[in-house]
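Residue numbers (our numbering): 24 to 266.
The beta-carbon is built from N, C-alpha and C at its ideal position, and this holds for glycine as well.
Beneath this line is the structure, given in structure tokens, with notes to follow.
What follows is the structure, given as structure tokens:
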């Protein structure tokens, strides 16, 4: 499963009033693991960035003066997101701006939704935490995600933070697959290589689940599927194995 956690920075809040995208930041996850194959691009919007917008993200007109226009990176961006699931906080905002940029290139370019599906983590958070604050900063606090570097908004930084929040919010599985530095050193001290088991050891007993256990397992999978919006990977593995 390939997911792209995406964020943008813009000249303002309304693409319908001519505001433009000035930064795109994307973090790639494959099977819920960051790959390092990220996409990051600043863009010259061919218009002034208002002072109030600079105060939010710190991206100035002088900085953007020599950056490429959207049409120069559009093909590379579209190919990067093609076939993925986009994970975006308040997706209507970012997708609206990106679709506006694509529309400026001509009708043949289509829309973001033509290349990728979209998962809105703001809607997901509202489902899981109704009546609570669900901004990215609030979710960082709720899920103990470090956002101390976020003095200003930045598309790639916010995408990285959102990736951590999304993984925590949808199961916290990131911690299952990684070791911190101290744990890794401790494991190294245990000795490497293959440890052979004695050939005379007793055979391991195979205990199969009973009917009641299988039913309970299905109930649990139903709950996971509902909570994750159909993202239960065990179910996908079962379907793939039956194919």
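Start and end residues, alpha helix (DSSP H) containing residue i
i           : result
residue 30  : Where residue 30 is concerned, there is no enclosing alpha helix (DSSP H), although the beta strand (DSSP E) it sits in stretches over 25–33.
residue 152 : That residue, residue 152, is in no alpha helix (DSSP H); it is neither H nor E in DSSP.
residue 9   : Outside the displayed range of the chain (24 to 266) lies residue 9, so it cannot be described from this structure.
residue 63  : Element bounds for residue 63: not the alpha helix (DSSP H) but the beta strand (DSSP E), 62–65.
residue 80  : 74–80
Selected residue, minimal CA-CA separation from residue i, among the options
i           : options               : result
residue 127 : 163, 85 and 69        : 69
residue 52  : 95, 24 and 102        : 24
residue 60  : 79, 74, 26 and 39     : 26
residue 251 : 192, 238 and 242      : 192
residue 158 : 167, 171, 169 and 144 : 144
residue 40  : 123, 103, 156 and 95  : 123
Continuous beta strand (DSSP E) stretch holding residue i: start and end
i           : result
residue 46  : 44–53
residue 166 : No beta strand (DSSP E) holds residue 166; DSSP gives it neither H nor E.
Which of helix, strand or coil DSSP assigns to residue i
i           : result
residue 109 : strand
residue 141 : strand
residue 127 : coil
residue 183 : helix
residue 70  : coil
Close Cβ partners of residue i (< 6 Å) along its chain, the five nearest in sequence each way excluded
i           : result
residue 164 : none
residue 67  : 87, 90 and 92
residue 249 : none
residue 46  : 32, 65 and 178
residue 58  : 51
residue 103 : 62
Short CB-CB distance (under 7 Å) between residue i and chain D
i           : result
residue 182 : Included in the structure is just one protein chain, with no chain D present.
Beta carbon of residue i nearer than 7 Å to that of residue j
i           : j           : result
residue 42  : residue 35  : yes
residue 32  : residue 139 : no
residue 147 : residue 188 : no
residue 186 : residue 79  : no
residue 118 : residue 101 : no
residue 141 : residue 114 : yes
residue 28  : residue 110 : yes
Same chain only: Cβ atoms within 7 Å of residue i, ignoring 5 sequence neighbours per side
i           : result
residue 120 : 31, 33, 38 and 44
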